[in-house]
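One structure is given here, and the rest of the page talks about it.
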Amino acid sequence: MKLKTIHSLMFAAGMAVATLASAQAPAAAPSAVPAIPPTWAQGRTADGMNPSLAPNPPGISALPADEIPVSKLKVPAGFKIELWASGMPNGRSMTESPSGTVYVGTRFTGNVYAVVTKDGKREVKTIAKGLHRPNGVAFANGSLYVAELSRIIRYDNIEKNLDNPPAPVVVFDALPKDEPHGWKFMTLSPDGQYLYFQIGTPANIVVPPYTHAAIVRLNLKTNILEYVATGVRNSVGMDFQKGTKELWFTNNGRDWADENLPNDTLNRLSRPKGMNFGYPFCHQGDFLDPEFGKGRSCDEFDKPEMKLGAHVAALGMRFYNGNMFPAEYKGNIFIAEHGSWNKTKKSGYQVVRVVLDGKNKPVKLEPFITGWVEGENFWGRPVDVQVLKDGSMLVSDDETGAIFRVSYGK
Amino acid sequence: MKLMTSTKAILVVAFFNIPFLSFNAGAAPPDAAAGKVKAQSCFACHGENGIGISPEIPNLAAQPPLSITYQLIQFRGQQRNGGAMAALAAGLSDQDMRDIAAYYAALPPPPAKPGNAEKIAKGQQISSTQYCNSCHGAQLQGQKHIARLAGQSPEYVMTQLKNIRSGTRIDMDGTMGSAARGLSDDDIEALAAYAASLN
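If you read the sequences in order, they're chains F and G. Here this note's numbering is used: the first residue of the first sequence is 29, the next is one more, and so on. Here this note's numbering is used: the first residue of the second sequence is 5, the next is one more, and so on.
What follows is the structure, encoded as structure tokens:
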């Protein structure tokens, strides 16, 4: 309550300044031609130019362990959430190696971390520095693969050399260099032959070059890159379903069309190649783009499996195949929602649970971990989830530079 | 009179904003007095009053606190290069950075710098068509982690915009790169003159 009151005072003070500022502003110079928005502002409305909707400051530092308010996080009855590791500025995507090392990529700090457990205690090692947006991590054949913005690199025999990591081998370096949506989520295919990752669209809403707005896979034996799906604006989370071996992925919807549209989505690759999920013409399977959708139809495109909410920033997702959570959680999907920025009322900032029915259709979406946001103020932002071999689940938070662990019944 | 009121109002907002917009909610509150002590080594170039001693050195007075800490963190992590800054930031803890930022953020903003009226008008026009104020604020006063450009040294602004345009200076999320790539040298000069003319 107190927080809210102070916040509204702040808002009032902010408005007062805005009024003063505009009263002082010199008269605008006459404009000869209507402005053409720069690429980064394509699709942005006049309302969207409100400075209060500027991006959130990204998390680029780590909170000391004793200052992380883990007690504010809420999980369903019977579950427990605890701080598992900390001190990883901007720690984001995670993968677990067969020996139990958890590798963590970053977007802003250029670091890659390794978290090892010794005598029940976690030790965080920074195994790489100075990389360019090393957001994606995957482990295969004893090597750690890292997806940077425009290349895939590999650290061989890394497990035995965490304190003195080898120089990386460059695997593939011919990826686009666009910064917007250029950081990647990466995962290994179940047969161990391919690395799957996305090439995001280079702006909010544009007709992208055909190299972009796609999910691709890199053959680890031949180094040949193949397109597996197009019309995907930006996916920062994907996982293969056990049994079907189909790839499911999250996709972030376009900005500025509406506060409540379009939704971020959960999608399934029901055909191994050739699916098109509609960007930039159609979003969420049934929302024709107000500008780019003219003369098009959503019927041209493949549909998502589920709508997840507008601007929630659905990022990391995993199927739950562990043995620790109750039986009804088996085969569920957990999704980390990083949380909205260009929306007047915050949404997301939670981990949600998606339940599939007997026909493999998502039928229920509900919050699983909440508490990162209080009113309009957030203290943490979940990025990725990772189910450990013991069946517990990790959640990374790039705002506090920490990883939390959810367990059941212990 | 108008100027005084506006300055006061901005300071009031800055005061309220510090605890809420600090990048980690659980961290110790920033301490401007401690920051002043820690900022001694900054004074030689950035001045005790937050006004750079030469045109290539940015004014820090009245910068949003997060804008200062974010740049210091990027200097420390060597993501941004800037003369001696990497070495100077190397020894600073996150708390040091928050304190130093609190000190400079609370100083009166740099005075408006008069310039060529035609150039300033052109800069204002470009600022409007490029939507600079959608992030940097109505009067380019900065907010959150986004820099205050009002009253900034024009030479410094020109260098930074050119470095962002060429990719020499790291681009946080691609927005500034996209914004800068369409600007000519003349555009950049006009924008810098306009920003400097604000207070």
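For every residue, glycine included, the Cβ atom is placed at its ideal position computed from N, Cα and C. Computed from a predicted structure; not experimentally measured.
- Counting along the chain, I168/G sits inside no beta strand (DSSP E); it lies in the alpha helix (DSSP H) bounded by residues P158 to S170.
- For A166/F against M122/F, the beta-carbon gap comes to about 10 Å, at or over 8 Å, which does not count as contact.
- In the structure shown, the three-state DSSP call for F167/F is strand.
- Boundaries of the beta strand (DSSP E) around N295/F: N291 to R296.
- D98/G belongs to the set of residues whose beta carbon lies under 9 Å from a beta carbon in chain F.
- In this structure, the alpha-carbon of I109/F lies about 41 Å from that of Q145/G.
- Excluding residues up to 5 positions away in sequence, A93, I96, V98, A430 and F432 lie with their Cβ nearer than 7 Å to the Cβ of L111/F in the same chain.
- With the rule of 3 Cβ pairs closer than 8 Å, the segment 318-335 of chain F does not count as touching the segment 408-415 of chain F.
- Counting the other Cβ atoms within 10 Å of the Cβ of G271/F gives fewer than 16, which makes it exposed.
- At least one C-beta of chain G is nearer than 9 Å to the C-beta of R72/F.
- Near chain G, meaning a CB-to-CB distance below 9 Å, the residues of the segment 75-102 of chain F are G76, M77, N78, P79, S80, L81, A82, P83, N84, P85, P86, G87, I88, S89, A90, L91, P92, D94, E95, I96 and P97.
- Remark: C-beta atoms of Y436/F and S420/F approach each other more closely than 9 Å.
- Taking a 10 Å sphere around the C-beta of Y198/G, we find 16 or more other C-beta atoms and assign the residue as buried.
- Taking 8 Å as the cut-off between beta carbons, the residues of the segment 410-434 of chain F near chain G are E427 and T428, in sequence order.
- The beta-carbon of M162/G is placed no less than 9 Å from the nearest beta-carbon of chain F.
- In chain order, N291, T293 and Q312 place their CB closer than 7 Å to the CB of K335/F, counting only its own chain and leaving out the 5 sequence neighbours on each side.
- Of all alpha-carbon atoms in D191/G, K148/G, A110/G and M180/G, the one lying nearest the alpha-carbon of A65/G is that of A110/G.
- For P69/G, the uninterrupted alpha helix (DSSP H) segment begins and ends at P69 to R80.
- Under the three-state reduction of DSSP output, Q99/G falls in the helix class.
- For N279/F against N304/F, the beta-carbon gap comes to about 12 Å, at or over 8 Å, which does not count as contact.
- Boundaries of the alpha helix (DSSP H) harbouring N137/G: N137 to H140, taken from the DSSP string.
- It is roughly 29 Å from the alpha-carbon of A105/G to the alpha-carbon of K153/F.
- Under DSSP, the beta-bridge partners assigned to S424/F are D412/F and I431/F.
- As the crow flies, the alpha-carbon of D206/F is around 21 Å from that of I150/G.
- Contact between S171/F and D191/F does not hold, since their C-beta atoms are separated by about 17 Å, which reaches or exceeds 8 Å.
- Among the residues of chain F, none has a CB under 8 Å from the CB of K166/G; the nearest is roughly 17 Å distant.
- In the DSSP assignment, V256/F falls outside any alpha helix (DSSP H) and lies within the beta strand (DSSP E) extending over L253 to T258.
- Partner residues in the beta bridge of G337/F, as assigned by DSSP, are D292/F.
- Residues of chain F whose Cβ lies closer than 8 Å to the Cβ of N137/G are, in chain order, M77 and P79.
- Runs of the alpha helix (DSSP H) lying entirely within the segment 166-201 of chain G, each at least 4 residues long, are 179-185 and 189-200 in chain order.
- For G106/F, the closest of K157/F, I397/F and L416/F by C-alpha to C-alpha distance is I397/F.
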